[in-house]
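**Q** Protein chains in written order, with the working numbering: chain Y, 17 to 173; chain P, 162 to 196. C-beta atoms are modelled at their ideal positions from N, C-alpha and C, and glycine is treated no differently. As the structure is a prediction and not an experimental result, all values here were calculated from the model.
This is the structure we're talking about:
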């Protein structure tokens with residue numbers, strides 16, 4: 017049986033990480049939830065950040081990619097995985113993430129859910145769905161067992 | 162290492178007009194190149 021996912025653990029695929037910086041919109045709204053709550057964990061890996069930083073370098077510039085990588089590395093919790101693995105799926109698996117955010121329809125299809133299920137019960141979501149549906153108060157009260165104190169971190173810091 | 166704030170990063174990045182489609186196409190090219 018698959019291990020229970022950790023409800024406070026989130027993975028964002030490289031498209032969502034790069035879109036958070038370069039586009040805004042749903043990706044930024046979704047990741048703002050993570051930035052605003054110290055008790056939420058963003059699981060990352062070097063290959064995942066390499067992919068996103070390469071996108072930033074290609075669409076913006078190398079200096080922004082370097083600064084972004086340092087900032088997101090400071091926010092995230094790193095896991096290791098084999099080089100050939102899909103970085104986001106591997107992070108979800110290794111980090112027992114409850115949520116995997118991606119713009120990739122393939123990843124969001126049932127097939128991926130079925131592939132992940134033996135490892136961890138991760139829910140693969142469009143970032144817009146996460147931004148709309150994620151209820152930090154409900155999760156906090158369920159996990160911590162205390163009244164939700166509101167955001168505890170500046171999402172722009 | 163001095164970590165730049167998210168606010169400063171967004172301000173620098175928002176000068177351009179990328180779309181999610183641009184990001185996805187670029188990521189596909191990056192991953193294809195890496196294979």
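Thinking C-beta only, is residue 58 of chain Y closer than 8 Å to residue 95 of chain Y?
**A** On the first chain, position 79 is the one that residue 95 of chain Y refers to. On the first chain, position 42 is the one that residue 58 of chain Y refers to. No, these two residues do not count as a Cβ contact at 8 Å.
**Q** Is the shortest distance between the beta-carbon of residue 179 of chain P and the beta-carbons of chain Y less than 8 Å?
**A** Counting from one through the second chain, the residue named residue 179 of chain P turns up at place 18. True, the Cβ-Cβ gap to chain Y drops below 8 Å.
**Q** For a test of the three-state rule: what should DSSP assign to residue 162 of chain P, helix, strand or coil?
**A** Here residue 162 of chain P refers to the residue found at position 1 when the second chain is read from its first residue. Three-state result, residue 162 of chain P: coil.
**Q** How would you list, in chain order, the residues of chain P whose beta-carbon sits under 8 Å from the beta-carbon of residue 80 of chain Y?
**A** Indexing the first chain from 1 puts residue 80 of chain Y at position 64. 170, 173 and 174, listed in chain order.
**Q** By alpha-carbon positions, which one of Y/31, Y/37 and Y/33 ends up nearest to residue 168 of chain P?
**A** Numbered from its first residue, the second chain carries residue 168 of chain P at position 7. That would be Y/37, whose Cα lies nearest to the Cα of residue 168 of chain P.
**Q** Report the rounded CA-to-CA distance for residue 192 of chain P versus residue 67 of chain Y, giving the unit in angstroms.
**A** Along the second chain, one-based indexing puts residue 192 of chain P at 31. Along the first chain, one-based indexing puts residue 67 of chain Y at 51. So the two alpha carbons sit approximately 7 Å from each other.
**Q** For residue 48 of chain Y, I'd like the list of residues in its chain whose CB is within less than 6 Å of its CB, leaving aside the five on either flank, ordered along the chain.
**A** Against the first chain, residue 48 of chain Y aligns to sequence position 32. For residue 48 of chain Y, where only same-chain residues beyond five positions count, the Cβ hits under 6 Å are 171.
**Q** Do residue 174 of chain P and residue 76 of chain Y have their C-beta atoms within less than 8 Å of each other?
**A** Counted from its first residue, the second chain places residue 174 of chain P at position 13. Counted from its first residue, the first chain places residue 76 of chain Y at position 60. Result yes, Cβ atoms of residue 174 of chain P and residue 76 of chain Y sit closer than 8 Å.
**Q** Distance, Cα to Cα, residue 111 of chain Y vs residue 20 of chain Y?
**A** Residue 111 of chain Y sits at position 95 when you count from the first residue of the first chain. Residue 20 of chain Y sits at position 4 when you count from the first residue of the first chain. Spanning the two alpha carbons is a distance of roughly 11 Å.
**Q** Tell me whether residue 103 of chain Y sits in a helix, a strand or coil according to DSSP, three-state version.
**A** For this step, residue 103 of chain Y is matched to residue 87 along the first chain. Note: residue 103 of chain Y maps to helix in three-state DSSP.
**Q** Please state if the CB of residue 159 of chain Y and the CB of residue 23 of chain Y are separated by a distance shorter than 8 Å.
**A** The count along the first chain starts at 1 and reaches residue 23 of chain Y at position 7. The count along the first chain starts at 1 and reaches residue 159 of chain Y at position 143. Contact: yes.
**Q** Measure the CB-CB distance between residue 51 of chain Y and residue 170 of chain P and report whether it falls below 8 Å.
**A** One-based indexing of the first chain puts residue 51 of chain Y at position 35. One-based indexing of the second chain puts residue 170 of chain P at position 9. Not in contact: residue 51 of chain Y and residue 170 of chain P (Cβ atoms no closer than 8 Å).
**Q** Could you tell me the distance, in whole angstroms, from the CA atom of residue 186 of chain P to the CA atom of residue 34 of chain Y?
**A** On the second chain, position 25 is the one that residue 186 of chain P refers to. On the first chain, position 18 is the one that residue 34 of chain Y refers to. Approximately 12 Å between the Cα atoms of the pair.
**Q** Does DSSP put residue 75 of chain Y in a helix, in a strand, or in coil?
**A** Here residue 75 of chain Y refers to the residue found at position 59 when the first chain is read from its first residue. Three-state DSSP puts residue 75 of chain Y in a helix.
**Q** If you follow the beta strand (DSSP E) that residue 57 of chain Y is part of, which residue opens it and which one closes it?
**A** Residue numbering aside, residue 57 of chain Y sits at position 41 when the first chain is read from its first letter. Here the beta strand (DSSP E) through residue 57 of chain Y covers 57 to 60.
**Q** Cβ of residue 150 of chain Y less than 8 Å from any chain A Cβ?
**A** In the displayed structure, chain A is absent; the protein chains listed are Y and P.
**Q** Can you give me the start and stop residues for the beta strand (DSSP E) that residue 25 of chain Y sits inside?
**A** Residue mapping note: residue 25 of chain Y aligns to position 9 of the first chain, counting from 1. From DSSP, the beta strand (DSSP E) with residue 25 of chain Y extends over 22 to 28.
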